[in-house]
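Structure first, then comments.
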Amino acid sequence: MKGLTEIDREARKESFMNNLDGRIKLISAILIIVYAVTSTNLLILAIMEVYLLVLIYLSNVSPKYALKRIALVIPFGGFVAMIQPFFQPGNVIWTGPFEWLHITDYGLFFGALLLFRVTVSVTSIVFLSSATSMQDLVASAQKLGVPYQLAMLLNLTVRYLFFFYDQLVNILNAQSTRCFDIFNKKTAYNWRLRKVGETITMMFIRAFEQGENVYISMVCRGYSENTRIYREKSKIDSKDYVFLTTTILVIISLQLVNMFVI
Numbered sequence: 063m064k065g066l067t068e069i070d071r072e073a074r075k076e077s078f079m080n081n082l083d084g085r086i087k088l089i090s091a092i093l094i095i096v097y098a099v100t101s102t103n104l105l106i107l108a109i110m111e112v113y114l115l116v117l118i119y120l121s122n123v124s125p126k127y128a129l130k131r132i133a134l135v136i137p138f139g140g141f142v143a144m145i146q147p148f149f150q151p152g153n154v155i156w157t158g159p160f161e162w163l164h165i166t167d168y169g170l171f172f173g174a175l176l177l178f179r180v181t182v183s184v185t186s187i188v189f190l191s192s193a194t195s196m197q198d199l200v201a202s203a204q205k206l207g208v209p210y211q212l213a214m215l216l217n218l219t220v221r222y223l224f225f226f227y228d229q230l231v232n233i234l235n236a237q238s239t240r241c242f243d244i245f246n247k248k249t250a251y252n253w254r255l256r257k258v259g260e261t262i263t264m265m266f267i268r269a270f271e272q273g274e275n276v277y278i279s280m281v282c283r284g285y286s287e288n289t290r291i292y293r294e295k296s297k298i299d300s301k302d303y304v305f306l307t308t309t310i311l312v313i314i315s316l317q318l319v320n321m322f323v324i
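Using the working numbering, read the sequence shown as starting at 63 and increasing by one per residue.
Below you can see the structure in the form of structure tokens.
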């Protein structure tokens, strides 16, 4: 949860990318991800990764912070990529003991390709979340035609996620003042486990109560199934079109290089 707070803080920094319209950044990120997952050239994907890192730099985000966020997600896709050389068909280039384990040339290529695709996709998400606050991201998705019900759920989730985090912190602080430490091995394991269960149960109860209070408040203010979230109209100006055009031109250029040069 601290990570979410840090993400939202980074997204609210003043920079060229943060001042762009959220719809443009969302469309650009989707285009990059779609192109990444359909590309089969490692060099093209590497160039696309460099382009994304430049965009992150223009978002006034610390390189260390961005690389840390990318590194946290990469291992999940990296593990899948690491096992591909052992399962994909192709020419065997290495055979392990007892000849039941082997690595193929196509397996190595496919594993590297999968890892590059995951890296570019994750970096694109990091760029989008670093240059757009969560509220703006939900609003942009709704303006692009995301169903109203889904937009409402996302909007409420973003709004009250931080509230429930504060509630959890209050519970943990209350337990700490009573000398409760989940990692204290001097305390009986079953008793610690029971207290953790009570904490989780308390969070569910508070979430239910808060949900009821919020819904009643919304109904009292005229909310119904036909209610629409108010969104301030924002005009897409020239710098937004320039950025979107630049992204499209980069993708087209890389595709042309892939077709006629490499």
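Think of the CB as a built atom: it goes at the ideal place given N, C-alpha and C, for glycine as much as any other residue.
request  = Taking 8 angstroms as the threshold, find out whether the segment 215-232 comes into contact with the segment 89-109 through three or more Cβ pairs.
outcome  = no
message = With the cut-off set at 8 angstroms, would you say A128 and I118 are in Cβ contact?
response = Counting from one through the sequence shown, the residue named residue 128 turns up at place 66. Counting from one through the sequence shown, the residue named residue 118 turns up at place 56. In contact: A128 and I118 (Cβ atoms closer than 8 angstroms).
message = Quick check: what's the CA-CA separation for T166 versus M144?
response = Taking the first residue of the sequence shown as 1, we reach residue 166 at position 104. Taking the first residue of the sequence shown as 1, we reach residue 144 at position 82. Cα to Cα, T166 sits roughly 12 angstroms from M144.
message = For A133 and A250, I'd like the C-alpha separation in whole angstroms.
response = In the sequence shown, residue 133 corresponds to position 71, counting from 1. In the sequence shown, residue 250 corresponds to position 188, counting from 1. Approximately 37 angstroms, taken between the alpha carbons.
ask   = Per the contact definition of three or more C-beta pairs closer than 8 angstroms, is the segment 311-321 in contact with the segment 252-267?
value = no
key: Contained alpha helix (DSSP H) runs [length at least 4] in the segment 230-262, N- to C-terminal order   = none
inquiry  = Contact defined as beta carbons within less than 8 angstroms: I believe A193 pairs with Q204. What is the distance between those atoms, to the nearest angstrom?
reply    = One-based indexing of the sequence shown puts residue 193 at position 131. One-based indexing of the sequence shown puts residue 204 at position 142. In fact, because the Cβ distance is near 18 angstroms, the residues do not count as touching under 8 angstroms.
key: Euclidean distance between Cα positions of L114 and L82   = For the purposes of this step, residue 114 is taken as residue 52 along the sequence shown, with counting starting at 1. For the purposes of this step, residue 82 is taken as residue 20 along the sequence shown, with counting starting at 1. Computed Cα separation, rounded: 16 angstroms.
query = Relative to the alpha-carbon of V123, which residue among A236, F189, K248 has its alpha-carbon at the smallest distance?
reply = For this step, residue 123 is matched to residue 61 along the sequence shown. Of the listed residues, the one whose Cα sits closest to V123 is F189.
inquiry  = At the level of alpha carbons, what is the spacing between K130 and C282?
reply    = Along the sequence shown, one-based indexing puts residue 130 at 68. Along the sequence shown, one-based indexing puts residue 282 at 220. Distance between the alpha carbons of K130 and C282: 45 angstroms.
task = Identify every run of the beta strand (DSSP E) within the segment 92-145, keeping only runs that are complete inside it and at least 3 residues long; order them along the chain.
result = none
inquiry  = My assumption, with CB atoms under 8 angstroms, is that L120 sits in contact with S77. Please give the rounded CB distance.
reply    = Along the sequence shown, read from residue 1 onward, the residue named residue 120 stands at position 58. Along the sequence shown, read from residue 1 onward, the residue named residue 77 stands at position 15. Going by Cβ atoms, the distance from L120 to S77 rounds to 7 angstroms, so yes, they are a contact pair.
request  = Name the two residues that bound the continuous beta strand (DSSP E) containing V154.
outcome  = Reading the sequence shown from its first residue, position 92 is the one you call residue 154. Element bounds for V154: 154-157.
request  = Under 6 angstroms Cβ to Cβ from S183, same chain only, skipping five residues before and after it: list those, please.
outcome  = If you number the sequence shown from 1, residue 183 lands on position 121. So the qualifying residues of the chain are I95, A98.
task = State yes or no: is the C-beta of D302 within less than 8 angstroms of the C-beta of I86?
result = The count along the sequence shown starts at 1 and reaches residue 302 at position 240. The count along the sequence shown starts at 1 and reaches residue 86 at position 24. Yes. Within cutoff.
query = Do L199 and L88 have their CB atoms nearer than 8 angstroms?
reply = The count along the sequence shown starts at 1 and reaches residue 199 at position 137. The count along the sequence shown starts at 1 and reaches residue 88 at position 26. Going by C-beta atoms, L199 is nearer than 8 angstroms to L88.
request  = Rank S300, S195, N232 by C-alpha distance to the C-alpha of K75 and give the top, closest one.
outcome  = Position 13 of the sequence shown, counting from 1, holds the residue named residue 75. When each option's Cα is compared against that of K75, the closest is S195.
Candidates L206, D299, T263, F305, of which the one nearest Q229 by Cα = Mapped onto the sequence shown, residue 229 falls at position 167. Selected option, being the one with the closest Cα: T263.
query = What did DSSP end up calling T166 once you bin it into helix, strand or coil?
reply = Within the sequence shown, the letter at position 104 stands for residue 166. It is a strand residue.
request  = Check each candidate in T102, F172, N80 and name the one with the smallest Cα separation from M321.
outcome  = Here residue 321 corresponds to residue number 259 of the sequence shown, with the count starting at 1. When each option's Cα is compared against that of M321, the closest is T102.
ask   = In the structure shown, what three-state DSSP assignment does Q150 receive?
value = Translated into positions along the sequence shown, residue 150 becomes position 88. Coil.
key: Reduced DSSP secondary structure (H/G/I, E/B, other) of M79   = Taking the first residue of the sequence shown as position 1, residue 79 is located at position 17. Coil at M79, not helix or strand.
request  = Return the first residue and the last residue of the alpha helix (DSSP H) that L311 is part of.
outcome  = As a first step, residue 311 is located in the sequence shown; it is residue number 249 there, counting from the start. Start and end: 300-322.
request  = Reducing DSSP to helix, strand and coil, say where V208 ends up.
outcome  = One-based indexing of the sequence shown puts residue 208 at position 146. Correct three-state label for V208: coil.
message = Less than 8 angstroms between the C-beta atoms of G169 and Q197, yes or no?
response = Along the sequence shown, read from residue 1 onward, the residue named residue 169 stands at position 107. Along the sequence shown, read from residue 1 onward, the residue named residue 197 stands at position 135. In this structure, Q197 does not lie closer than 8 angstroms to G169 by Cβ.
query = Would the beta-carbon of G347 fall within 8 angstroms of that of L177?
reply = Residue 347 is absent from the model: the chain starts at 63 and stops at 324.
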